[in-house]
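J.: Residue numbers (full-length UniProt numbering), protein chains in the order written: chain R, 1 to 178; chain Y, 1 to 178. Backbone N, C-alpha and C define an ideal beta-carbon position, used for all residues, glycine too. My questions will all concern the structure given below.
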């Protein structure tokens, strides 16, 4: 949701980072429903209108922060095998999404302008893994998303309990087994 | 979310039905964000406090209506084969969930007290199908939810476009192929 012309380190990027950081701080101190634009502005040292101009309202800003958080810090772990990499990625994904901040992120991102960014980020991660093994038969990224990421998230949002790790492992077998 | 002691046709059930019906009417006339408890009460011919007492707030009521709508009107179609039944069910599910009312329902239900009711309803439908074929090897309900329902919903909520019907058919093959 960052404007494409934004130079990293430019003034606009610094303002954005201070606003994001104010949001992250406030979310640690108080309930998300009670966070307001004037509060965020005061914490970030900007005027409320800077925030309204850029995001429109507080829910778009929360969603933007959630999306930025979702950007993984690192490449997926490289374990030396396709199976091992997918398994390490899937276990971390299950772990992160079923945590309290992960669940909140899933809700915020759905309120965002581009929730499809989710599948783009996940797809990028999985493609990175697949590219490591050019010489072996591989599933498509789509197949991995449908058979691993989708049940992980669906069970968190709509079922009594998240996937068990053994269920996750079985799904990985199915996804990698063509 | 109906209290288990509620007698169908009892006074309480009639009040609930008139409130649900008022919500459904209002949602056809105006944006969901603008629907208020006093409005619903006026339309249903009850006092606002009846609604507050029972649901607490408007979002819990909207979620309850969404859940009630999700209760399928009919048994899953009986095509004479396990494969055909699962396919008919999955196509209808994809169709309904990716419609505008379906998407709204997915959001409302997540705001509900018991979004896990979703998996319970879906599970019941799929179990009905499986029970029709006692003498053949069958996948578990869990497997069908993970491999068919989960990717359907995940792609609606978090990807650029819903599943294509051919993708859905491939997922059904995977789910039924053990």
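#1: Compile a chain-ordered list of the residues in the region 13-34 of chain R whose CB is closer than 7 Å to at least one CB of chain Y.
#2: Roughly how many angstroms lie between the CA atoms of residue 137(Y) and residue 32(R), to the nearest whole one?
#3: Using a Cβ-Cβ cut-off of 6 Å (strictly less than) and excluding sequence neighbours within five positions of residue 14(R), which residues of its own chain qualify?
#4: Could you tell me whether any Cβ in chain Y is nearer than 8 Å to the Cβ of residue 104(R)?
#5: Taking the alpha-carbon positions, what's the residue 57(Y) to residue 37(Y) distance?
#6: Any Cβ of chain Y within less than 8 Å of the Cβ of residue 159(R)?
#7: Please state the DSSP three-state secondary structure of residue 162(R).
#8: How would you list, in chain order, the residues of chain Y whose beta-carbon sits under 9 Å from the beta-carbon of residue 115(R)?
#9: Along chain Y, in chain order, which residues have C-beta atoms closer than 7 Å to that of residue 172(R)?
#10: Can you pull out the residues from the region 60-83 of chain R whose beta carbon lies closer than 7 Å to at least one beta carbon of chain Y?
#11: For residue 153(Y), return the contacting residues in chain R, with the cut-off set at a CB-CB distance below 9 Å.
#12: Closer than 8 Å by C-beta to residue 163(R): which residues in its own chain qualify, once you throw out the five before and the five after it? Chain order, please.
#13: What do you reckon, are the CB atoms on residue 115(R) and residue 176(R) nearer than 8 Å?
#14: Find the residues of chain Y that neighbour residue 119(R), judging by a C-beta separation of less than 9 Å, and give them in chain order.
#15: Measure the C-alpha to C-alpha separation of residue 99(Y) and residue 67(Y) and round it to an integer number of angstroms.
#16: In its own chain, which residues sit with a C-beta less than 7 Å from the C-beta of residue 55(R), not counting the 5 before and 5 after it?
#17: Determine, using beta carbons only, whether residue 168(R) and residue 90(R) come nearer to each other than 8 Å.
#18: Run the CB neighbour count on residue 159(R), radius 10 Å, all protein chains shown included, and call it buried at 16 or more, exposed below.
#19: Taking 8 Å as the threshold (beta carbon to beta carbon), is residue 93(Y) in contact with chain R?
#20: Quick one: what's got a C-beta closer than 7 Å to residue 148(R)'s C-beta in the same chain, skipping five residues either side?
#21: Verify whether the separation of the beta carbon atoms of residue 22(Y) and residue 59(Y) is less than 8 Å.
#22: Pick helix, strand or coil for residue 63(R), following the three-state DSSP scheme.
#23: If you draw a straight line from the alpha carbon of residue 145(R) to that of residue 46(Y), how long is it in whole angstroms?
#24: Helix, strand or coil for residue 32(Y)? Go by DSSP, reduced to three states.
#25: State yes or no: is the beta carbon of residue 107(Y) nearer than 8 Å to at least one beta carbon in chain R?
#26: First and last residue of the alpha helix (DSSP H) that includes residue 48(R)?
#27: For residue 130(Y), tell me which candidate among 107(Y), 81(Y), 161(Y), 166(Y) has the shortest Cα-Cα distance.
#28: Residues in the same chain with beta-carbon distance under 7 Å from residue 69(Y), minus the five sequence neighbours each way, listed in chain order, please.
#29: Use the C-beta contact count for residue 125(Y): other C-beta atoms within 10 angstroms, 16 or more gives buried, fewer gives exposed.
#30: Does DSSP put residue 133(R) in a helix, a strand or coil?
#31: For residue 112(R), does the three-state DSSP call read helix, strand or coil?
#32: Go ahead and label residue 85(R) buried or exposed: buried means 16 or more other beta carbons lie within 10 angstroms of its beta carbon, across all protein chains shown.
#33: Excluding the 5 residues flanking residue 122(Y) on each side, which residues of the same chain have their C-beta closer than 8 Å to its C-beta?
#34: Label residue 108(R) either buried or exposed according to how many other C-beta atoms from any shown protein chain fall within 10 Å of its C-beta, with 16 as the threshold for buried.
#35: Quick one: what's got a C-beta closer than 8 Å to residue 35(Y)'s C-beta in the same chain, skipping five residues either side?
T.: Reading from the atomic positions:
#1: Of all residues in the region 13-34 of chain R, none is placed with a Cβ closer than 7 Å to any Cβ belonging to chain Y.
#2: Taking the second chain and counting its residues from 1, one reaches residue 137(Y) at position 137. Taking the first chain and counting its residues from 1, one reaches residue 32(R) at position 32. Rounded to the nearest angstrom, the two C-alpha atoms are 48 Å apart.
#3: The sequence position of residue 14(R) within the first chain is 14, counting from 1. If we look at residue 14(R) and ignore the five residues flanking it on each side, it has no Cβ neighbours.
#4: Residue 104(R) sits at position 104 when you count from the first residue of the first chain. No, because no Cβ of chain Y sits closer than 8 Å to the Cβ of residue 104(R).
#5: Counting from one through the second chain, the residue named residue 57(Y) turns up at place 57. Counting from one through the second chain, the residue named residue 37(Y) turns up at place 37. Those two C-alpha atoms are separated by around 8 Å.
#6: Here residue 159(R) refers to the residue found at position 159 of the first chain. Yes, residue 159(R) lies at the interface with chain Y (some Cβ there is under 8 Å from its Cβ).
#7: The sequence position of residue 162(R) within the first chain is 162, counting from 1. Correct three-state label for residue 162(R): coil.
#8: Residue 115(R) sits at position 115 when you count from the first residue of the first chain. Within chain Y, the residues near residue 115(R) are 157, 158, 159.
#9: The residue you call residue 172(R) lines up with position 172 of the first chain. Simply none; closest approach about 12 Å.
#10: none
#11: For the purposes of this step, residue 153(Y) is taken as the residue at position 153 of the second chain. 150, 153, 154, 157, 158, listed in chain order.
#12: Here residue 163(R) refers to the residue found at position 163 of the first chain. Once the five neighbours on either side are set aside, the close Cβ partners of residue 163(R) are 94, 151, 152, 155, 171.
#13: Residue numbering aside, residue 115(R) sits at position 115 when the first chain is read from its first letter. Residue numbering aside, residue 176(R) sits at position 176 when the first chain is read from its first letter. No, the Cβ-Cβ distance between residue 115(R) and residue 176(R) is not below 8 Å.
#14: Numbered from its first residue, the first chain carries residue 119(R) at position 119. Neighbours of residue 119(R) on chain Y, chain order: 154, 155, 158, 159, 160.
#15: In the second chain, residue 99(Y) corresponds to position 99, counting from 1. In the second chain, residue 67(Y) corresponds to position 67, counting from 1. Cα-Cα distance, rounded: 16 Å.
#16: Taking the first residue of the first chain as 1, we reach residue 55(R) at position 55. Closer than 7 Å at Cβ, skipping near neighbours: 61, 64.
#17: The sequence position of residue 168(R) within the first chain is 168, counting from 1. The sequence position of residue 90(R) within the first chain is 90, counting from 1. It is a contact, given that the beta carbons lie within the stated cut-off.
#18: As a first step, residue 159(R) is located in the first chain; it is residue number 159 there, counting from the start. Classification of residue 159(R): buried, given that the 10 Å Cβ count is 16 or more.
#19: In the second chain, the residue the question calls residue 93(Y) occupies position 93. Output row for residue 93(Y): interface = no.
#20: Residue 148(R) sits at position 148 when you count from the first residue of the first chain. Cβ within range, chain order: 90, 171, 172, 175.
#21: Within the second chain, the letter at position 22 stands for residue 22(Y). Within the second chain, the letter at position 59 stands for residue 59(Y). Not closer than 8 Å, so no.
#22: For this step, residue 63(R) is matched to residue 63 along the first chain. Judged by DSSP in its simplified three-state form, residue 63(R) adopts helix.
#23: Residue 145(R) sits at position 145 when you count from the first residue of the first chain. Residue 46(Y) sits at position 46 when you count from the first residue of the second chain. Approximately 47 Å between the Cα atoms of the pair.
#24: Translated into the one-based positions of the second chain, residue 32(Y) becomes position 32. Note: residue 32(Y) maps to helix in three-state DSSP.
#25: Here residue 107(Y) refers to the residue found at position 107 when the second chain is read from its first residue. Yes - at least one Cβ of chain R is within 8 Å of the one on residue 107(Y).
#26: Taking the first chain and counting its residues from 1, one reaches residue 48(R) at position 48. That run of the alpha helix (DSSP H) goes 48-55.
#27: Position 130 of the second chain, counted from the first residue, corresponds to residue 130(Y). If we check each option's Cα against that of residue 130(Y), 81(Y) comes out closest.
#28: One-based indexing of the second chain puts residue 69(Y) at position 69. Around residue 69(Y): 105.
#29: For this step, residue 125(Y) is matched to residue 125 along the second chain. Flag for residue 125(Y) reads buried.
#30: Along the first chain, one-based indexing puts residue 133(R) at 133. Residue state, collapsed to three classes: coil.
#31: Here residue 112(R) refers to the residue found at position 112 of the first chain. Looking at residue 112(R) - three-state DSSP - the assignment turns out to be coil, as it is neither helix nor strand.
#32: Position 85 of the first chain, counting from 1, holds the residue named residue 85(R). Buried.
#33: For this step, residue 122(Y) is matched to residue 122 along the second chain. So the qualifying residues of the chain are 93, 145, 149.
#34: Counting from 1 along the first chain, the entry for residue 108(R) is found at position 108. In summary, residue 108(R) is buried, with 16 or more beta-carbon neighbours lying within 10 Å of its beta-carbon over all protein chains present.
#35: The residue labelled residue 35(Y) in the question sits at position 35 within the second chain. Closer than 8 Å at Cβ, skipping near neighbours: 23, 26, 27, 58, 62.
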